[in-house]
Amino acid sequence: MNWKEYFNVKDLVGYFFRKKDPNASSYMKMMYWANRIAITMFLVCLVVIIYRLFIR
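What follows is the structure, encoded as structure tokens:
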């Protein structure tokens, strides 16, 4: 694997901006939102950790 494959965020961005599935159940819709919140919190925490690592 090369470095481009490690830093490929195409799938991550595509997860947030894909078309909604009209046949998805309410449980799946809730799981999509829970996953989006979890991914967003992870990315925010990652930015904070990197910021603290380089600033302090």
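Going by the numbering used here, the first residue of the sequence shown is number 3, and it counts up by one from there. We put the CB at the ideal spot given by N, CA and C, even for glycine.
Residue i in three-state terms, based on DSSP
i     : result
VAL11 : coil
LYS6  : helix
PHE19 : coil
Extent of the continuous alpha helix (DSSP H) run through residue i
i     : result
ARG38 : 28–57
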